[in-house]
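S.K.: Sharing a structure, written as structure tokens. Questions coming.
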Amino acid sequence: EVQLVESGGGLVQPGGSLRLSCAASGFTLSGYYMDWFRQAPGKGLEWVGRTRNKANSYTTEYAASVKGRFTISRDDSKNSLYLQMNSLSTEDTAMYYCARYILVTSLRYSDYWGQGTLVTVSS
Amino acid sequence: DIQLTQSPSFLSASVGDRVTITCRASQGISSYLAWYQQKPGKAPNLLIYAASTLQSGVPSRFSGSGSGTEFTLTISSLQPEDFATYYCQQVNSYPLTFGGGTKVEIK
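Going down the list, the protein sequences come from chains A and B.
Residue 1 is where the first sequence starts when you use this note's numbering, and the numbers rise one by one after that.
Residue 1001 is where the second sequence starts when you use this note's numbering, and the numbers rise one by one after that.
In structure tokens form, the structure reads like this:
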């Protein structure tokens, strides 16, 4: 059974840093692209960024709102995905989700999502 | 960036009703569109991908159609467990973007 479990959220002061983790099980992480998404309280969904799979050299993409502040990495040997968040502002307060991305010819979609981890940026 | 405009943003309906949600893209995205259902306090759940392909395990009362810039999600007969918020997402180009959501509530 595919499972994604996020951890590492919590309360952090503006300007601070936080590292989120996403533990994957039930599939081989190295074969998949993985995304981070977020959802501010009472708001819609926002894509944060992506790491491609081993075959595509683990390259990354980021939303403009986080580029230069957030870094996505992964350790396939530990079946884990990470989101390093620096220079946090109150606008980064959100539930953060990791999700597996399927890319097969013309088929593209996020099929499994974790339950999320809440990040609150406040003084 | 590709903007996705969902309508309506709020919908009040009764059990058994046929419900249609529209998603319009600011530029053509072929069929690179997915639909998600989200219930309060839960992660999004994939319903439809490639605009019209039903995800495994999703009831057949859900269907999707469209290509290019206009897409629809239809629930043929609304069930109590379908009251939720629905989002469209384009996966044609970066940044990936979502519609603003449609909240479906009980009439």
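No residue lacks a Cβ here, since even glycine has one placed at the ideal position from N, Cα and C.
So, with DSSP's three-state summary, where would you put D1017 (chain B)?
M.R.: Within the second sequence, numbered from 1, the residue matching residue 1017 (chain B) stands at position 17. Reduced to three states, the DSSP call for D1017 (chain B) is coil.
S.K.: Compare the C-beta of G1064 (chain B) against all C-beta atoms of chain A and say whether one is closer than 8 Å.
M.R.: Within the second sequence, the letter at position 64 stands for residue 1064 (chain B). Chain A contact via Cβ: absent.
S.K.: Just checking: is the beta-carbon of Y33 (chain A) within a distance shorter than 8 Å of some beta-carbon in chain E?
M.R.: The displayed structure is made up of protein chains A and B, and chain E is not among them.
S.K.: Over the uninterrupted beta strand (DSSP E) stretch that includes S1067 (chain B), give me the two end residues.
M.R.: By one-based count along the second sequence, residue 1067 (chain B) stands at place 67. Looking at the DSSP string, the run of the beta strand (DSSP E) that includes S1067 (chain B) is F1062 to S1067.
S.K.: Would you say P1080 (chain B) faces chain A, with C-beta separation under 8 Å as the test?
M.R.: Reading the second sequence from its first residue, position 80 is the one you call residue 1080 (chain B). No - not a single Cβ of chain A is within 8 Å of the one on P1080 (chain B).
S.K.: Since L970 (chain B) contacts F1071 (chain B) with CB under 8 Å, what's their CB separation in whole angstroms?
M.R.: Given that chain B is displayed from residue 1001 to residue 1107, the structure contains no residue 970 (chain B) and the question cannot be resolved.
S.K.: In chain A, which residues lie with their C-beta within 7 Å of the C-beta of G1101 (chain B)?
M.R.: Indexing the second sequence from 1 puts residue 1101 (chain B) at position 101. The answer, in chain order, is G44.
S.K.: DSSP beta-bridge partners for N1045 (chain B)?
M.R.: Reading the second sequence from its first residue, position 45 is the one you call residue 1045 (chain B). DSSP output for N1045 (chain B) lists B:Q1037 as bridge partner(s).
S.K.: Measure from the C-beta of V1091 (chain B) to each C-beta in chain A and report whether the shortest distance is under 8 Å.
M.R.: The residue given as residue 1091 (chain B) occupies position 91 in the second sequence. Closer than 8 Å: yes.
S.K.: Note down, in chain order, every chain A residue with its Cβ under 7 Å from the Cβ of L1096 (chain B).
M.R.: In the second sequence, counting from the first residue as 1, residue 1096 (chain B) sits at position 96. The contacting residues are W47.
S.K.: Can you check whether the C-beta of L1046 (chain B) is within less than 8 Å of a C-beta belonging to chain A?
M.R.: The sequence position of residue 1046 (chain B) within the second sequence is 46, counting from 1. Answer yes: the Cβ-Cβ gap between L1046 (chain B) and chain A drops below 8 Å somewhere.
S.K.: If the cut is a Cβ gap below 8 Å, which residues of chain B does G116 (chain A) touch?
M.R.: The count along the first sequence starts at 1 and reaches residue 116 (chain A) at position 116. What G116 (chain A) touches in chain B: A1043.
S.K.: Residues in the same chain with beta-carbon distance under 8 Å from Q1027 (chain B), minus the five sequence neighbours each way, listed in chain order, please.
M.R.: Start at 1 with the first residue of the second sequence, and residue 1027 (chain B) comes out as number 27. Setting aside the 5 residues that flank it on each side, Q1027 (chain B) is surrounded in the same chain by I1002 and T1069, each with a C-beta closer than 8 Å to its C-beta; the list follows chain order.
S.K.: May I ask which residues mark the beginning and end of the beta strand (DSSP E) holding F37 (chain A)?
M.R.: Position 37 of the first sequence, counted from the first residue, corresponds to residue 37 (chain A). Y33 to Q39 is the extent of the beta strand (DSSP E) around F37 (chain A).
S.K.: Which parts of the stretch 5-89 of chain A are runs of the beta strand (DSSP E), unbroken and 3 residues or longer, counting only runs that do not cross its ends?
M.R.: Counting only runs of 3 or more, we get 10-12, 18-25, 33-39, 45-51, 60-62, 70-75 and 80-85.
S.K.: Let me check understanding here. Comparing Cα to Cα, which of A:K67, A:Y96, A:G31 and A:V2 lies closest to N56 (chain A)?
M.R.: Within the first sequence, numbered from 1, the residue matching residue 56 (chain A) stands at position 56. Comparing Cα positions, the closest option is A:G31.
S.K.: Helix, strand or coil for E1105 (chain B), going by three-state DSSP, please let me know.
M.R.: Taking the first residue of the second sequence as 1, we reach residue 1105 (chain B) at position 105. Shown here, E1105 (chain B) sits in a strand according to DSSP, grouped into three states.
S.K.: Once the 5 residues before and after E46 (chain A) are set aside, which same chain residues still bring their CB inside 6 Å of it?
M.R.: As a working note, residue 46 (chain A) is residue 46 in the first sequence. Contacts found: R38.
S.K.: Can the beta-carbon of Q1037 (chain B) be found less than 8 Å from the beta-carbon of T1102 (chain B)?
M.R.: Counted from its first residue, the second sequence places residue 1037 (chain B) at position 37. Counted from its first residue, the second sequence places residue 1102 (chain B) at position 102. Result no, Cβ atoms of Q1037 (chain B) and T1102 (chain B) do not sit closer than 8 Å.
S.K.: Kindly indicate the opening and closing residues of the beta strand (DSSP E) around I1002 (chain B).
M.R.: Taking the first residue of the second sequence as position 1, residue 1002 (chain B) is located at position 2. Looking at the DSSP string, I1002 (chain B) is not in any beta strand (DSSP E), and its letter there is neither H nor E.
S.K.: Could you give the residue range of the beta strand (DSSP E) that holds A1051 (chain B)?
M.R.: Working through the second sequence from its first residue, we reach residue 1051 (chain B) at position 51. Per DSSP, A1051 (chain B) lies in no beta strand (DSSP E) segment and is marked neither H nor E.
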